[in-house]
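So the sequence lines, in the order shown, correspond to chains A and B.
In case it helps, this note's numbering puts the first sequence at residues 1 to 242.
In case it helps, this note's numbering puts the second sequence at residues 243 to 484.
A virtual CB, placed ideally from N, CA and C, is assigned to each residue, including glycine.
Being a predicted model, the structure only gives us computed values, none of them experimental.
Let me begin by presenting the structure, written as C-alpha cells, before commenting on it.
Protein chains: 2
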Amino acid sequence: MPDDEPTSIWMLPERQERSGPGRRPGYSREQITRTAVRIADAEGVEATTMRRIASELATGAMSLYRYVPKRDDLFDLMIDMAMSEIELPDDPSGDWRADLSLVADQTRAAALRHSWLIGLLAGRPTLGPHLLRVHEFALGALDGRGLDIDDITAFVGMLNDYVHSAIRREIGWLEEARRSGLDPERWKRDYIGPYVRQIVESGAYPLFSRSLLESRTAHLPPAERFRHGLDRVLDGIGAHIT
Amino acid sequence: MPDDEPTSIWMLPERQERSGPGRRPGYSREQITRTAVRIADAEGVEATTMRRIASELATGAMSLYRYVPKRDDLFDLMIDMAMSEIELPDDPSGDWRADLSLVADQTRAAALRHSWLIGLLAGRPTLGPHLLRVHEFALGALDGRGLDIDDITAFVGMLNDYVHSAIRREIGWLEEARRSGLDPERWKRDYIGPYVRQIVESGAYPLFSRSLLESRTAHLPPAERFRHGLDRVLDGIGAHIT
DNA sequence: GCCATTCAGGTACGATGTACGCAAACCGAG
DNA sequence: CTCGGTTTGCGTACATCGTACCTGAATGGC
C-alpha cells in the first residue's frame, strides 16, 4: 500500500529505531528541524531552503527527503519546535487570569525569539502536539466556570487573535526591513517614513493621522504595550465570568 | 537620480498620460492588476505568476515590469483592488454599531470573493488608499464618544482581528484543500479527518475534543456564526461606551 | 524626415522544490 | 564469512520561478 496518500505529517511518524537490515539513519527530524529553525532565526524563513539546511548539515539536499516529505511539512515541524519552548504547568492553577497571561507572555516570548513563527502559523492550519498542548491548557484555564464550550473556545480564540496581531505589530516592520537588507532604523526613515508622512500631510485621513501623532501608548516599551492590550482582552473575558 | 531607492509602490504612481515623444503604453496597472486578481480568484495566489498574467494578456512576462516594479508590489495592488470593492458611505452614520457591522460584513464579503485576500494582508504590512479609506471610516465610527485615540485604535484593531481570524476559519481549510488539488469534501474526510479523529480518540486533549464534538455553533450557517462572534466583539466595545 | 525617448518582449541567469536512480552501508540468514 | 535484501546518502536532472539586460519597434517634436 503506497503512502502517497495526502496525509498530515503528524500521522507519519519518523522511522522508528528498528532492528532490521539496512543502513542506519545518519540524521533525524529533530536535528534537521533544529537546523532549519536556526537558519530562520538568523536570516528569515525565505533563507530556509532545502539546500541551505543540507549544506549546514554537510550533506546533500535530497538526503533531507528521507526524513521530511515536503518542505511545507518541515515548516510544521519548525512551528511545533518553537511551540515546544512554551513552558506551562501540567494543569491550570485555578487563577484563569494568571493562566491566560502566562500563555500570552510565553507565546510572545517564543514569537520574539523566532520572528517567523506568527507568519508561518498564519499561513498554514497546523495542529502539532505542542500547539495542541498550549491550546488545551488555555481552554482548561476557563473550564468549570459556567461557560459552555463554545464560549470557552471563542474567548481563547480572542486571546489568540490579540496575541498574534500584537506581535505582528511589534515585529512586522522589523521583519520587512530585514528582508530588504537594510537596518531597521534606516528602513523606517527612508522607506516607510516618507509615505506615512505624505499620508499625514495630505490631510485625507485625519483620524489615522491622529492615531500616529497623538498616541500615548505608541512610545511605551513594547512589553508594557503588550500588557496594556492584554489586560483589555482579559477584562472582556472577565465580564462574562461571574 | 535613479529610482532604485527602496520605496513603497504607493509613492511611485503609474506613468501619467503625457505628451512627449515615445511609444504609447499598451497596458496599465489597473488592467494588469485586474488580470492578476482574476487568476488568483480562480486558481489561487500561487498560480498568479508573472508569466501567467502576461500570457493571459497575450504579451511577454517582462512587459509587466514596465508597470509594476516587483511581484510583491503587484500583490499590494491586488489587495487594494479587493479593498476597493468595500462599499461605505462617505461618512459614518452616527450609529457606531451599524457602521462597524457594515465594515465587518463588507470585508467578509470581499474576502469570500477573493479567498487570497486575508492571506496576503497577513503577509505584508501594506497601506494602500482603499485600505486607509476603510480604516478611517472604522475609526470615524467610534470618534466623538469620549474615547481617546488609543482606545479607538485598539477597538478597531480588535474588530479587524476578529474579522480576519473568523474568515480564516471559514475558508482556511477550503484553501488548503484547493491547493492540494482535491475537492474539499474528500480532503476533509481523507486528510484532516483521520488526524483529528486520532486526536479525539487519544483522549489527551479532552477540552479540544469537546470543542469539536459538543459545539452548538459549529454547524450554524457561516454567516450566522460570523454574526455571533461579531456581536460579542461589538458588545465588548459597547461596554466601554457610555 | 530625423532623433531622442519610450515601450514590447525575447533571451538568459540564478535559485528553488523535488523526482529518480544508483552506490554504499548494514543486518540476519546460511 | 558470505551473500542478499533493505535502507540510507546524495548526485543529477527538470520544471518553474522572479527578474536583469538588451535589441528593436513605435512615437511625436523639431
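Using a C-beta cutoff of 8 Å, does residue i count as contacting chain A?
{"i": "PRO255/B", "result": "no"}
{"i": "PRO367/B", "result": "yes"}
{"i": "ILE441/B", "result": "yes"}
{"i": "PRO334/B", "result": "no"}
{"i": "TRP252/B", "result": "yes"}
{"i": "ARG452/B", "result": "yes"}
{"i": "ARG260/B", "result": "no"}
{"i": "THR395/B", "result": "yes"}
{"i": "ASP315/B", "result": "no"}
{"i": "PRO244/B", "result": "Confidence at PRO244/B is low in this model, with a pLDDT of 36, below 50, so its placement is unreliable and the value that follows should be read with caution. No, its Cβ sits nowhere closer than 8 Å to a Cβ of chain A."}
{"i": "ASP385/B", "result": "yes"}
{"i": "SER407/B", "result": "yes"}
{"i": "TRP338/B", "result": "no"}
Can you confirm whether residue i, when its beta carbon is compared against all beta carbons of chain B, has any partner nearer than 8 Å?
{"i": "LEU230/A", "result": "no"}
{"i": "TYR67/A", "result": "no"}
{"i": "ASP99/A", "result": "no"}
{"i": "HIS135/A", "result": "yes"}
{"i": "THR217/A", "result": "yes"}
{"i": "ALA239/A", "result": "yes"}
{"i": "TYR27/A", "result": "no"}
{"i": "ALA122/A", "result": "yes"}
{"i": "LEU132/A", "result": "yes"}
{"i": "GLY119/A", "result": "yes"}
{"i": "TRP173/A", "result": "yes"}
{"i": "ASP150/A", "result": "yes"}
Please state if the CB of residue j and the CB of residue i are separated by a distance shorter than 8 Å.
{"i": "GLY140/A", "j": "TRP10/A", "result": "no"}
{"i": "THR48/A", "j": "ILE39/A", "result": "yes"}
{"i": "PHE379/B", "j": "VAL405/B", "result": "no"}
{"i": "MET83/A", "j": "LEU120/A", "result": "no"}
{"i": "ILE171/A", "j": "SER457/B", "result": "no"}
{"i": "SER407/B", "j": "GLY157/A", "result": "yes"}
{"i": "ALA284/B", "j": "ILE295/B", "result": "no"}
{"i": "ARG108/A", "j": "ILE167/A", "result": "yes"}
{"i": "VAL268/A", "j": "LEU131/A", "result": "The requested residue 268/A does not occur in the structure, where chain A is confined to residues 1 to 242."}
{"i": "VAL287/B", "j": "TRP358/B", "result": "yes"}
{"i": "LEU254/B", "j": "PRO311/B", "result": "yes"}
{"i": "ASP403/B", "j": "ASP161/A", "result": "yes"}
Can you give me the C-alpha to C-alpha distance between residue i and residue j, rounded to a whole angstrom?
{"i": "ASP151/A", "j": "ARG420/B", "result": "31 Å"}
{"i": "ARG265/B", "j": "ARG257/B", "result": "13 Å"}
{"i": "MET1/A", "j": "THR242/A", "result": "For MET1/A, the predicted model reports a pLDDT of 35, less than 50, meaning its position is unreliable and no value from the coordinates is stated."}
{"i": "GLU176/A", "j": "ARG210/A", "result": "24 Å"}
{"i": "GLY146/A", "j": "PRO125/A", "result": "30 Å"}
{"i": "ALA154/A", "j": "GLY471/B", "result": "8 Å"}
{"i": "MET62/A", "j": "GLU85/A", "result": "29 Å"}
{"i": "ARG225/A", "j": "ASP80/A", "result": "27 Å"}
{"i": "PRO89/A", "j": "HIS135/A", "result": "13 Å"}
{"i": "MET50/A", "j": "LEU174/A", "result": "25 Å"}
{"i": "GLU87/A", "j": "LEU100/A", "result": "13 Å"}
{"i": "VAL438/B", "j": "PRO448/B", "result": "12 Å"}
{"i": "TYR67/A", "j": "ALA446/B", "result": "26 Å"}
{"i": "ASP246/B", "j": "ALA239/A", "result": "Residue placement at ASP246/B is flagged as unreliable, the pLDDT there being 45, under the threshold of 50; a coordinate-derived value is accordingly withheld."}
{"i": "LEU316/B", "j": "TYR269/B", "result": "14 Å"}
{"i": "ASP105/A", "j": "GLY365/B", "result": "23 Å"}
{"i": "LEU454/B", "j": "GLY435/B", "result": "12 Å"}
{"i": "ASP76/A", "j": "SER19/A", "result": "29 Å"}
{"i": "SER444/B", "j": "ARG227/A", "result": "36 Å"}
{"i": "GLU272/B", "j": "LEU306/B", "result": "12 Å"}
{"i": "GLU259/B", "j": "ARG411/B", "result": "44 Å"}
{"i": "ALA352/B", "j": "PRO464/B", "result": "15 Å"}
{"i": "ASP473/B", "j": "PRO25/A", "result": "55 Å"}
{"i": "ALA264/A", "j": "THR301/B", "result": "Nothing in the structure corresponds to residue 264/A, since chain A is present only between 1 and 242."}
{"i": "ARG71/A", "j": "THR7/A", "result": "14 Å"}
{"i": "PHE450/B", "j": "LEU220/A", "result": "36 Å"}
{"i": "THR217/A", "j": "GLU298/B", "result": "48 Å"}
{"i": "ILE118/A", "j": "ALA98/A", "result": "23 Å"}
{"i": "GLY144/A", "j": "ARG133/A", "result": "18 Å"}
Start-end ranges of the alpha helix (DSSP H) lying completely within the stretch 321-347 of chain B, minimum 4 residues
none
Return the chain-ordered ranges of every alpha helix (DSSP H) run that is complete within the stretch 20-59 of chain A and spans a minimum of 4 residues.
29-43 and 50-56
Runs of 4 residues minimum, wholly inside the stretch 99-160 of chain A: which ones carry the alpha helix (DSSP H) assignment?
117-123 and 129-142
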